[in-house]
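Protein chains in written order, with this note's numbering: chain A, 29 to 444; chain B, 29 to 444; chain C, 334 to 488.
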Amino acid sequence: NIAQRKVEAKQTHFELVKLTEDTVDPKLWGENFPSQYDGYRRTVDTERTRYGGSEAFSRLDADPRLKRIFAGYAFALEYTEDRGHAYSLRDQDSTARVRERPQPGSCLQCHASVIPAYRKAGGGDVMRGFEIVSAMPWVDARKLVEHPVACIDCHDPATMALRVTRPGFLNAYRGYMTTKGVADYDPNTMATRQEMRSFVCGQCHVEYYFRKPDQVVVYPWSRGLRIDDEEAHYDSLRFSDWVHAETGAGVLKAQHPEFEMWNQGVHARSGVACADCHMPYMRQGAIKISDHHVRSPLLNVDRACLVCHSFPAEEMKARAQTIQDRNAALLSRAEDALVGLFDAVKAAKTAGADSVALAAAGRLQRRAQFRAAYVNAENSMGFHAPQEAARILGEAIDYARQGEIEALRVARTRRP
Amino acid sequence: NIAQRKVEAKQTHFELVKLTEDTVDPKLWGENFPSQYDGYRRTVDTERTRYGGSEAFSRLDADPRLKRIFAGYAFALEYTEDRGHAYSLRDQDSTARVRERPQPGSCLQCHASVIPAYRKAGGGDVMRGFEIVSAMPWVDARKLVEHPVACIDCHDPATMALRVTRPGFLNAYRGYMTTKGVADYDPNTMATRQEMRSFVCGQCHVEYYFRKPDQVVVYPWSRGLRIDDEEAHYDSLRFSDWVHAETGAGVLKAQHPEFEMWNQGVHARSGVACADCHMPYMRQGAIKISDHHVRSPLLNVDRACLVCHSFPAEEMKARAQTIQDRNAALLSRAEDALVGLFDAVKAAKTAGADSVALAAAGRLQRRAQFRAAYVNAENSMGFHAPQEAARILGEAIDYARQGEIEALRVARTRRP
Amino acid sequence: MNPRLPLTLAVCLGILLGAGAATFRYAEGFSYFSNDPQACANCHVMREYLDSWQKSSHHTRAVCNDCHVPHELVPKLVTKAENGWNHSRKFTLQNYPEALRITPHNADRLQHGCLSCHEDLTSDIRDAARPGGSVHATDITCARCHADAGHGPRR
Ligand SMILES: [Ca+2]
Ligand SMILES: [Ca+2]
């Protein structure tokens, strides 16, 4: 009855547990905020969508071309579809990329509630601890953490306000803002609340690499957030993720650049935050809360889209899928083009061409691979920035085919 | 002042001139509707935007690659940027495509207020007259008309209601609707008012060709409105616009497919009509009228966009231009790829390859040319459907480079 | 001090500044002091907002003033005096944009309007509810997601 609902509304949360910077276990936070905790726990659900969803199927089986595209890299061992936050630590533990390849502690920055461990290792200094833990072998670092992505990764335990804790983000974004003429940028004090609703996600949903030799996690934003800026950053360092096993070219693979891709889209431009779609408000009794079941908005179109778009849920879902279908078709073309390039380079080699002669083809492969991998790794199948994703794939196709042409020319000159 | 404004609010128009199906001269319509006539007359203005506007500059000079792309076709003689409706007849009279090449009467369907002439030629039957006039040589047909696109082309003189008069549109759209299971579709009786606000434009802003041998204007919509559907229509008829002078391939050139491209975009999906952006309502004292100065909305962002988008005008203009910049860059890549293909085919010919050996390369050129020309001819530089335009260009690049590769292979086998 | 003083002052302010009392009254400037939505629409520019409001989910729940005008007496009169001045002047001079856009100041008032009815419901999602209070530059604005609450879909 109304009277009772009113009471419910007045006293929303009771402080049953005192939350501190060392309260990592979400269960304890759940004592104070049961509704959000319920949502958080539901991230164990597994439901599939046309291109995403939360079922950890093998991407390598779904698209065999990837085995050749990642030839010689750990991703050729195992590469699965991502799923809910509750799995973030488990899935890292179990992947062949960790079991069969030595990895540094850096991997943990985005898969575990790791800040307290950093603070401890750094003797109170999180930044130092971050560097120390990153440099440790993964197996040793892993012993320092026990929880996956959890409350404390996005919230200040004292105020519950959003906050950004990941050193990788704090460092990279500060650097990026200097290119915009802003010095010493600190999101936790300078960002608007609406910006924070995306920054907390940008802590992890970004392209990254491990700086050599200290293995520190770096986001390649020194020149900007667009793919071309990130590529320029890598080129300036002559950095490669690995040497391609079929062609011998030094190439790059992008990982989940959701934050960067979103930044190029019209939603970001309109001030629409990650949380607006992935954590839409929901009514719980007499109050509104953020849905902490972070997942595909296409499993939740009514709440995720319809407040802003006054069209039927089916129509909005269809719009998103039309966008994804177009990009998926272009992505497939780009991968076919890459495979064509591999074959041409191998043929040139058999015809006697050496790596010097094939250097130009290798540079084109590098450009093409980074672009195709970028859209493939960006988990919205281009929805976050439909035209930008298509533009990137158009360039990927162009560079891959040019590389194939280059290899053919080289092969011809080598023919006996 | 306010007193006067209150009167205006109530006042409607006065019928000074009796308008009939033979009242072609817009000046006479202007007697009854001075405000709309004023707007209409302002279509003589010439103001340029980044990619469009109303200054009739030469597209061939702006982008020399087009001379090679259209080698052997009338468009290589003269191809200018389009401008206001007031020029529609004049610009056809003066183009080298008419002065230096024989053209059929069909050209007039979209450049003149031609319906009364059709009715006369057909002895009362517009459809018959349309076929008769289309078959006439342009010079003779030209004598039958005197006004450019005018009021009577979009309005019923008796009711002022919008109406569709162009036989090319009526026939093609009826055919298209049958693919959707609707028989005998007639926009003038079955379309909603909002649909009519786009259909009147779709009468002319569409891809078309002249049916052989009777020269009747046909819109290639038998399979649908997407570029792939239009291409399938041409392929099924083995139809080509011309034989490319450098390669000998039978190729296609698209003309102003604004209506088709718009149909693939999110604006069309949201029910936003051509007139909403190109003829936005404007306040005239206390009443609102449609701005008949039909032009680039980027010259009129306040009225054209802000009624729906609550962002500053500068921001909305920047969004449109960001979209256009991305597509312009891809279009440039596609044209470079085409030029690369031309060179490779010519090299293969010198190496002794004949047209049979180069047939496959020719088929790929046909696909690539139609796609690149499609986006180039679509006058919004892809704004009407940003991601679809980028997708089309991605495919254009792929086909052009594949054609180049094919030509290289052929050349190799031919080498002595 | 005379409790009715602020009121009297505010009214006078509005009337005097309001592009001259004559224009002001003729333009139903006094509509600003009524709660009747029709009153707002005495200016034809406002009519489309009356129409859209009637189609909105709130037409049975809230009138213009509930959302756009503070409910406390003095701020209410000041608001009305201020907007009365702005709107009457611009209406007379006809120098207002084709697409009206709420001013930042009126957007704040709007936010308060929402809260006057939905404060409890939204107690958890607003900074005010945080132990630490407002720690970021801005709080969440309702109209960003619910722009159609008062006038139905914008398009
Ligand atoms: Ca997933
Ligand atoms: Ca133009």
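We put the CB at the ideal spot given by N, CA and C, even for glycine.
Per-residue contacts from residue i into chain A (C-beta, under 8 angstroms)
i, result
"His479/C", "Val335"
"Val367/B", "Near Val367/B there are no residues of chain A at all, since even the closest Cβ is about 13 angstroms away, more than 8 angstroms."
"Arg361/B", "Gly422, Glu423, Asp426"
Residue i: contacting residues in chain F (beta-carbon distance under 7 angstroms)
i, result
"Leu358/A", "Among the protein chains in the structure shown, which are A, B and C, there is no chain F."
Integer Cβ distance of residue i from residue j, believed to fall under 8 angstroms
i, j, result
"Arg394/A", "Leu280/A", "7 angstroms"
"Ala356/B", "Met307/B", "26 angstroms between Cβ atoms; not a contact."
"Pro144/A", "Glu75/A", "Their Cβ separation, rounded to whole angstroms, is 33 angstroms, which puts Pro144/A and Glu75/A out of contact at 8 angstroms."
"Asp457/C", "Ile317/A", "6 angstroms"
"Ala405/B", "Gln283/B", "5 angstroms"
"Met310/B", "Asp319/B", "5 angstroms"
"Arg442/B", "Ala372/B", "Not quite, the Cβ-Cβ distance comes to about 12 angstroms (not below 8 angstroms), so this is no contact."
"Arg78/A", "Gln349/A", "6 angstroms"
"Val322/B", "Thr71/B", "6 angstroms"
"Val244/A", "Ser298/A", "Incorrect: roughly 35 angstroms between the Cβ atoms, too far for contact."
Per-residue contacts from residue i into chain A (C-beta, under 9 angstroms)
i, result
"Ile458/C", "Tyr309, Ile315, Lys316, Ile317, Ser318"
"Leu454/C", "Ala37, Arg311, Ala314, Ile315, Lys316"
"Asp472/C", "Arg221"
"Arg429/B", "Ala365, Ile425, Asp426, Ala428, Arg429, Gln430, Glu432, Ile433"
Per DSSP, the bridge partner or partners of residue i
i, result
"Tyr237/B", "Val246/B"
"Pro165/A", "Pro132/A"
"Thr108/B", "Ser86/B"
"Gly278/B", "Val271/B"
"Leu190/A", "His183/A"
Bounding residues of the alpha helix (DSSP H) (the contiguous stretch that carries residue i)
i, result
"Tyr146/A", "143 to 149"
"Arg127/A", "124 to 127"
"Arg78/B", "Premise fails: Arg78/B is in no alpha helix (DSSP H) and is neither H nor E."
"Met310/B", "That residue, Met310/B, is in no alpha helix (DSSP H); its beta strand (DSSP E) goes 309 to 312."
"Ile180/A", "Element bounds for Ile180/A: n/a, residue is neither H nor E."
"Ile255/B", "255 to 264"
"Thr207/B", "195 to 207"
"Asn404/A", "387 to 405"
"Met218/A", "215 to 218"
"Pro437/C", "437 to 451"
"Gln430/A", "414 to 442"
"Cys400/C", "397 to 401"
"Arg331/A", "329 to 333"
"Lys409/C", "406 to 426"
"Arg93/A", "93 to 97"
Interface residues of chain C facing residue i [CB-CB closer than 9 angstroms]
i, result
"Ser338/B", "Ala432, Arg434, Ile435, Ala480, Arg487"
Chain-ordered neighbours of residue i on chain C, where CB pairs are closer than 8 angstroms
i, result
"Arg331/B", "Glu431, Ala432"
Residue range of the unbroken beta strand (DSSP E) whose run includes residue i
i, result
"Ile351/A", "Premise fails: Ile351/A lies in the alpha helix (DSSP H), 341 to 378, not in any beta strand (DSSP E)."
"Ser318/A", "315 to 318"
Amino acids of chain B, ordered along the chain, whose beta-carbon sits closer than 9 angstroms to that of residue i
i, result
"His420/C", "By Cβ distance, chain B contributes nothing, its closest Cβ being about 12 angstroms from His420/C, past 9 angstroms."
"His451/C", "By Cβ distance, chain B contributes nothing, its closest Cβ being about 21 angstroms from His451/C, past 9 angstroms."
Contact list for residue i against chain A, beta-carbon separation under 7 angstroms
i, result
"Glu432/B", "Ile433"
"Val294/B", "Arg347"
"Arg442/B", "In chain order: nothing, as chain A lies at least about 12 angstroms away."
"Leu386/B", "Simply none; closest approach about 16 angstroms."
"Leu436/B", "Ile433, Leu436"
"Arg297/B", "Arg347"
Per-residue contacts from residue i into chain B (C-beta, under 7 angstroms)
i, result
"Gln415/A", "Ile351, Arg354, Pro414, Gln415, Ala418"
Amino acids of chain B, ordered along the chain, whose beta-carbon sits closer than 8 angstroms to that of residue i
i, result
"Arg254/A", "Within 8 angstroms Cβ-Cβ: nothing; Arg254/A doesn't reach chain B, min ~11 angstroms."
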